[in-house]
Amino acid sequence: MSQTVEVLRHQALDKLDKTTDSDELAQWRSRYLGRKGAVGALFGTIGKLPKEERAAFGQQVNALQSELQKAFEEREQLIREQLLAQDLEEGEIDITLPAYPRQMGGLHPATRTHREFQTIWAEMGFQVYQSHDVEEDDFNFTLLNLPPHHPARDMQDTFYTTNPRVLLRTHTSPGQIRAMRELGEGGSKPIRVILPGMCYRQEQVTARSEIQFTQVEGLAIGRNIRMSDLKGTISEFAKRMFNTNAKVRYRASYFPFTEPSMEVDIECFLCDGEGCRVCKYTGWLEIAGSGMVHPTVLRNGGYDPSVWSGFAFGMGPERITMLKHGIQDIRYFWGNDLRFLKQF
Amino acid sequence: MLVPISWIKDYVDIDIPVELLAEKLTVAGLEVVHLKYIGLPQAEVPGVRMPRSDHLVWDREKLLLARIVEVKTHPNADKLVLAMVDYGGDELEQCVTGASNLFEYKGQGEINPPIWGAFAMEGARVWDGHSDKPRLMTLKGKELRGIYNKSMVCSEKELGISDEHEGVIILDHEERYVAGAPLADILGDVVFDIEFTPNLARCFSMIGVAREVAAILGVEMRYPSFEFVAGGGPIEEQVKIDIREPELNPRFTLTLLRDTEVKPSPFWMRHRLRLIGQRPRNNIVDVTNYITFELGQPLHAFDYDKLLDRAGGPPTIITRLPEAGERLETLDGLARDLGVETILVADTAGALAIGGVMGGGETEISESTRNVLLEAAAWNNISVRKTIKEQRIHTEASARFSRGVHPSQSILGSSRGIELMRQLGGGTVAAGVVDAYPLRPETVTVAVPIERINALLGMDIEIDQAVDALRRLEFETRVSDDVIHATAPDHRLDISPDPVVGRADLLEEIARMLGYDRIPETIMADEMPPQRENTSVFIEERVRDILVGLGLYEVINYRFTNRETEAMLVPDGLPSSLPDAEYVEIVNPSASERNVLRHTLMANMLETAANNARYQKTQQLFEIGKVYLQRNAVLPEESMRLGILLTGARDQPTWRIGDAGDALDFYDLKGVIESLLGALHIDDFSYERATHSSFHPGRSANLLLRRVQVGAFGEIHPQVGQRFRLTDSKVFYAELEVAPLLRYQQRLHKIEPLLTTPAILEDIALIVDADVAANEVERVIRQAGGRLLKDVTLFDIYTGDPIPPGKKSLAYSLTYQDPERTLTDKNAARARKKIVGAARRRLRAELRS
Chain A
1 MSQTVEVLRH QALDKLDKTT DSDELAQWRS RYLGRKGAVG ALFGTIGKLP
51 KEERAAFGQQ VNALQSELQK AFEEREQLIR EQLLAQDLEE GEIDITLPAY
101 PRQMGGLHPA TRTHREFQTI WAEMGFQVYQ SHDVEEDDFN FTLLNLPPHH
151 PARDMQDTFY TTNPRVLLRT HTSPGQIRAM RELGEGGSKP IRVILPGMCY
201 RQEQVTARSE IQFTQVEGLA IGRNIRMSDL KGTISEFAKR MFNTNAKVRY
251 RASYFPFTEP SMEVDIECFL CDGEGCRVCK YTGWLEIAGS GMVHPTVLRN
301 GGYDPSVWSG FAFGMGPERI TMLKHGIQDI RYFWGNDLRF LKQF
Chain B
1001 MLVPISWIKD YVDIDIPVEL LAEKLTVAGL EVVHLKYIGL PQAEVPGVRM
1051 PRSDHLVWDR EKLLLARIVE VKTHPNADKL VLAMVDYGGD ELEQCVTGAS
1101 NLFEYKGQGE INPPIWGAFA MEGARVWDGH SDKPRLMTLK GKELRGIYNK
1151 SMVCSEKELG ISDEHEGVII LDHEERYVAG APLADILGDV VFDIEFTPNL
1201 ARCFSMIGVA REVAAILGVE MRYPSFEFVA GGGPIEEQVK IDIREPELNP
1251 RFTLTLLRDT EVKPSPFWMR HRLRLIGQRP RNNIVDVTNY ITFELGQPLH
1301 AFDYDKLLDR AGGPPTIITR LPEAGERLET LDGLARDLGV ETILVADTAG
1351 ALAIGGVMGG GETEISESTR NVLLEAAAWN NISVRKTIKE QRIHTEASAR
1401 FSRGVHPSQS ILGSSRGIEL MRQLGGGTVA AGVVDAYPLR PETVTVAVPI
1451 ERINALLGMD IEIDQAVDAL RRLEFETRVS DDVIHATAPD HRLDISPDPV
1501 VGRADLLEEI ARMLGYDRIP ETIMADEMPP QRENTSVFIE ERVRDILVGL
1551 GLYEVINYRF TNRETEAMLV PDGLPSSLPD AEYVEIVNPS ASERNVLRHT
1601 LMANMLETAA NNARYQKTQQ LFEIGKVYLQ RNAVLPEESM RLGILLTGAR
1651 DQPTWRIGDA GDALDFYDLK GVIESLLGAL HIDDFSYERA THSSFHPGRS
1701 ANLLLRRVQV GAFGEIHPQV GQRFRLTDSK VFYAELEVAP LLRYQQRLHK
1751 IEPLLTTPAI LEDIALIVDA DVAANEVERV IRQAGGRLLK DVTLFDIYTG
1801 DPIPPGKKSL AYSLTYQDPE RTLTDKNAAR ARKKIVGAAR RRLRAELRS
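Taken in order, these protein sequences are the chains called A and B.
The opening position of the first sequence corresponds to residue 1 in the working numbering, with each subsequent residue numbered one higher.
The opening position of the second sequence corresponds to residue 1001 in the working numbering, with each subsequent residue numbered one higher.
Listed below in structure tokens is the structure:
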């Protein structure tokens, strides 16, 4: 073997044994096996050799290149294993150090509950209909069978505006009339809508009462809508919303815009109806007011009440959110304290 | 209304536990919100849940009815007496007591007519009458001033009936009383607290509740007698009635009791009134209250002699509207100005009472009254409502008349009232009733086919069931051809003569009597309405999701504000950039700082940020909500806005980077906006320098979609920030109209194919004048770079040595890529040359080497 080759071989393998990491390996490789490396340089000397020596020398250089390549790969493998072993051995961190906080956003709880409502009702064919916050007295009261001085007007403390005909809606029900008139095509088409929105009542703001609150109202009109449909539909909603087979209780009640009217209670999902502080030890939670649409309201919406019938219901998402999460103070909702909002 | 079950049992037999009755009433619409137990145990009824009551249950062996036979002097104490009590034992029991109301019997020997007391034997559990806090005690024998005592006669407080502890309970004699009977059988009771919805005016009395109970239980009502014993001359000669406004006063009746005695009512009357929360006064006034609660027909008693004096002879009662400027001093001692629509009870000398609301002071019953003229009338409920609102008076009478009392009840009230007064005070009732009844309500008969009832209920009931339900509620019914003709009883005003509305009224009554729980639950079989696309809802929710994904929290603020707060958004000396519209102003705000509806979300958002600043190092908030712009239409324009607010540190402090992170700035906000627009696939947007006065003039911009302004954003003007107490860090805010976002978002955007050809990346740094806008440079680069230039990213801005003063260096990384073929360095070099050339020509830019 050529001495030059042999010297290089020794030197190269010797250096290779001394490499300890991938940088040194890369250096070694470029020095010996790279395009301008030592082995390449030997190839360059072939042409200067006597013709008869060229073949043998070439073979030796080729062999050297293969040998070094193989040695390199072995060394690389070895170092990789050593490094891996070392990393596994020594690379331990303090897993109890605090996490880097990720900045997450969040929906307001009222929006979250509204979405749950909308999703469940959409599955039952109820679509969203949006209406005004600032309403005419006629729509908020008179057309809903609450003429001026009707005793039930006292059930709702109303914000009036400087225009005596105009007020802040006290409930989403005026949307019933608007939906019937807009979608009913002169009382000729069935309707299934929910009417979500902000409502307003003139009250003292306390832990239990707010001057603005959201409501979700539902309305179904058809030629063959029955009280049993109302019960079936609300029970179905309660099952999906509260994810239980809780019993539902229907109580006779009174709303001027429905007749018959009923309050809907579900068995308290916090105590399974055994009685707790939240349900005031009655075992029931009031979740909705409902009823068959009053004939006068149907008429005011353009329908003939001797042919058409319908049901309507109204619910308070904040109240339901409070029940679900044990929120004691309704002022949290529009207080927008991030310490509250970040808990959802 | 408080309803003692003992009272209801006068009219209807109840053979179910009161707890079950409460549940049945509640389900039938008379919501029983509380049960107060007096002495009786609370029953456990399967299926009925009630809060557990911690009242005293009277021991049937040790708490007894006892006759107080004699009251003797205590030999050693003036403030004590010895009550000799017959409790059914072999001997009289001697109770040492300080009860003040027994002293009047002291030393009289055997008391006659007999009186009765509530007797507690040794070992009985009672409430401690001397304790301020409720405390139970067990009676034990001990000496009281030298006399051994082991039992007692009880006060109401000791038995848990009321807080009364001045004297002991003294019952007037009744034939049925037997010494030693368990007290629970005599005074044990359960008092329901019932809330009535406005449609239940007919139930606003004991008889009204009893009727519902009878109907629910399917048993007969037992009405009290409405007959009275008359002995005097005909009343017509002694008083006349002149109704001038029959619409407001459809009926007025009068009865007269002569030579009666005004004195305290007997125990049973006082006891019942106290149970329902009324204070007993005297027998005449007590009867007016009693009948108001028993029958729901309020009564008013006049001192007849005072009327005689005023009129100078037999009076004429006139009901009329006030004369101009007329005033009346009412029983509560207030001199009242009377509104033009206030219906008055008057005589020829002037006003006596506000009809259906409150009597006047001058003719009220006093201890010296001998002759009582009793009014029972009917008043228009709307007129009464207006009066009580105007005068701010609320009485038991007005509470009933404002809901509606059927005129048929007047005569029942006068008859029963005058007879009770006679029984309690003695005297002679004049023969007959003066009854002026100018306006009779029509009798309402409603026809409803059973088929329609079943169609609306969604069930299949027999016609007999429906008829039975109505009959139990005292409707008169007739059936022909499967149609029920039902005539409403004369205590009801709530059944409509409109045939369709009347049907709904009947349907409700039938359903209530059947029980709502018996109506089946079905899935709607009706035709499905045409479905529509709710684009606005979808997109609005999508905007929320995008912003939440960008790390923002949604807030929902009050939609109220006040003018001054919004005016704070305009710095001194600058024109307002708020919407040019009137405010919707609330005439009866709950607080003066919330007296208009907002024109912008900005003030609410800044207030929210200020409230949170104490606890939060970083705030990234948004709200989607309406503003209300009053223009010429009746209703304001309700415009949906998006407000975005960023302030504080960009990163949360961590142990890695320490507390010294950067503050959020303008470009963070711009990033939020562009991410939002990107996610909505809105491409055609641009900016211009903002002119909105609430923002820092140099650090704010208008956003334009398709070259139309849709909002402004930037750093809040420092003066505005200061006014909202936001001084710790700069506040960045955007307010955009939501409608254009909905209009220009694309849900059908095209997806770009994924390129497989390699890209060439290179950097380029241009030196330009310092005032050249960055987007100008980028536009020149993009235009010059042409089709192959896929991406341009500014990665460095540099000023200072070696860049000459007045210049800046902008460094971009450029990405070249051809979808069809592999680019060569030559292609890239050509593009680069064009870019450099264009930059030189159009921006006078130099290539930085």
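Ideal placement from N, C-alpha and C gives every residue a C-beta, glycine not left out.
Pick from L1506/B, T1197/B and R1848/B that is closest to L1473/B, judged by C-alpha positions | When C-alpha distances from L1473/B are compared across L1506/B, T1197/B and R1848/B, the shortest belongs to L1506/B.
Given a cut-off of 8 Å on the beta-carbon distance, is the pair I1461/B and I1484/B in contact? In this structure, I1461/B lies away from I1484/B, with their beta-carbon atoms at least 8 Å apart.
Original post:
If we cut at 8 Å on Cβ distances, does S1675/B have a partner in chain A?
Top reply: So no, S1675/B is outside the interface.
Checklist entry - Given V1229/B, which residues of its chain have a CB within under 7 Å of its CB, disregarding the five upstream and five downstream residues? => result Within the same chain, V1229/B has close Cβ partners E1419, R1422 and V1429.
- prompt: From what residue to what residue does the alpha helix (DSSP H) around A312/A run?
  reply: A312/A -> not in any alpha helix (DSSP H); beta strand (DSSP E) instead, spanning S309 to M315.
message = Is it the case that the region 1111–1118 of chain B contacts the region 1146–1156 of chain B, given that we only count it when at least three CB pairs across the two stretches are under 8 Å?
response = The answer is yes - the region 1111–1118 of chain B touches the region 1146–1156 of chain B, with three or more Cβ pairs under 8 Å.
* To do: Can you check DSSP and say which residues form a bridge with R1067/B?
  => The secondary-structure analysis by DSSP pairs R1067/B across a beta bridge with D1086/B and W1116/B.
Next on the checklist: Using DSSP's beta-bridge definition, name the partner residues of N1702/B.
Outcome noted: According to DSSP, which records beta bridges pairwise, N1702/B is partnered with E1688/B and A1712/B.
task = Please determine, among R1049/B, E1195/B and W1058/B, the residue with the shortest C-alpha to C-alpha distance to Y1037/B.
result = The shortest Cα separation from Y1037/B among R1049/B, E1195/B and W1058/B belongs to W1058/B.
How would you write the range of the alpha helix (DSSP H) that L1766/B sits in, first residue to last? In the DSSP annotation of this structure, L1766/B is not part of any alpha helix (DSSP H); the continuous beta strand (DSSP E) holding it starts and ends at I1760 to D1769.
Beta carbons nearer than 8 Å to chain B: which residues of the region 317–342 of chain A have them? Within the region 317–342 of chain A, the qualifying residues are F333, W334, G335, N336, D337, L338, R339, L341 and K342.
Answer with buried or exposed for K70/A, where buried requires no fewer than 16 other C-beta atoms within 10 angstroms of its C-beta. With fewer than 16 other CB atoms across the displayed protein chains lying within 10 angstroms of its CB, K70/A is exposed.
Would A1838/B and E1762/B be called neighbours here (beta carbons separated by less than 8 Å)?
Result no, Cβ atoms of A1838/B and E1762/B do not sit closer than 8 Å.
G1123/B to I1216/B, Cα distance in whole Å?
CA-CA distance, G1123/B to I1216/B, rounds to 42 Å.
Anything in the region 1501–1515 of chain B with a Cβ closer than 8 Å to a Cβ of chain A? List those residues in chain order, please. Going along the region 1501–1515 of chain B in chain order, one finds V1501, R1503, A1504, D1505, L1507, E1508, A1511 and R1512 with a Cβ nearer than 8 Å to chain A.
Notebook entry, point to check: What do you reckon, are the CB atoms on P1407/B and R1385/B nearer than 8 Å?
Noted result: P1407/B places its beta carbon 8 Å or farther from that of R1385/B.
Buried versus exposed, by CB contacts within 10 Å (16 or more), E89/A
Exposed, since its Cβ has fewer than 16 Cβ neighbours within 10 Å.
Subject >> Inter-residue CB distance, Q176/A and N1534/B (contact presumed, cutoff 8 Å) >> reply: About 18 Å separates the beta carbon of Q176/A from that of N1534/B, a gap too long to meet the 8 Å contact definition.
request  = Could you spell out where the beta strand (DSSP E) holding A1181/B opens and where it closes?
outcome  = Where A1181/B is concerned, there is no enclosing beta strand (DSSP E), because DSSP gives it neither an H nor an E.
| task | Using alpha carbons as the reference points, say which of S1366/B, A1311/B and W1379/B lies closest to G1350/B. | result | Residue nearest to G1350/B within the set S1366/B, A1311/B and W1379/B is A1311/B (criterion: CA-CA distance).
Using 8 Å for Cβ pairs, my map puts F333/A next to E318/A. What's the rounded Cβ distance?
With 8 Å as the limit, F333/A and E318/A qualify as a contact, their Cβ atoms being about 6 Å apart.
Item checked: Limits of the unbroken alpha helix (DSSP H) element including I1673/B -> Its alpha helix (DSSP H) spans residues F1666 to A1679.
(message) Please list, in chain order, the chain A residues whose beta carbon lies closer than 7 Å to that of M1524/B.
(response) Those within 7 Å of M1524/B in chain A are A220, I225, D229 and T233.
Near-chain E residues of the region 1023–1045 of chain B (beta-carbon distance less than 9 Å), N- to C-terminal order: Reference to chain E is not applicable here, since the protein chains of this structure are A and B.
- Would I1657/B be called buried (16 or more neighbouring beta carbons within 10 Å of its own) or exposed? Around the CB of I1657/B, fewer than 16 other CB atoms lie within 10 Å, so the residue is classed as exposed.
Counting only C-beta atoms, is E259/A closer than 8 Å to chain B at any point?
Chain B contact via Cβ: present.
Legend entry - 8 Å Cβ cut-off: residues of chain A touching G1549/B: Scanning chain A for C-beta atoms nearer than 8 Å to the C-beta of G1549/B yields G105, reported in chain order.
Give the secondary structure of K1808/B by DSSP, where H, G and I count as helix, E and B as strand, and everything else as coil. Under the three-state reduction of DSSP, K1808/B is assigned to strand.
Relative to the C-alpha of K1079/B, which residue among P1134/B, L1035/B and G1167/B is closest? Taking only the C-alpha atoms, the option nearest K1079/B is G1167/B.
Exercise for review: Please decide whether P50/A counts as near chain B, where near means a Cβ-Cβ distance under 8 Å.
Suggested key: Chain B contact via Cβ: absent.
Worksheet item: Alpha carbon to alpha carbon, how far is L1171/B from I1186/B?
Response: Roughly 10 Å between the two C-alpha positions.
Bridge partner(s) assigned by DSSP for E1638/B: E1638/B pairs with Y1628/B.
7 Å Cβ shell around I1495/B - same chain, five flanking residues per side excluded: Excluding residues within five positions, the ones whose Cβ falls inside 7 Å are V1444, V1446, A1488, G1502 and D1505.
* Asked: What whole-angstrom Cβ distance do V1584/B and L1597/B have, given they're in contact under 8 Å?
  -> Their Cβ separation, rounded to whole angstroms, is 4 Å, which keeps V1584/B and L1597/B in contact under 8 Å.
request  = Alpha carbon to alpha carbon, how far is E1070/B from L1352/B? Give it in angstroms, no decimals.
outcome  = One alpha carbon belongs to L1352/B, the other to E1070/B, and they sit about 48 Å apart.
Next on the checklist: Considering only their Cβ atoms, is the gap separating R208/A from I120/A smaller than 8 Å?
Outcome noted: Going by C-beta atoms, I120/A is not nearer than 8 Å to R208/A.
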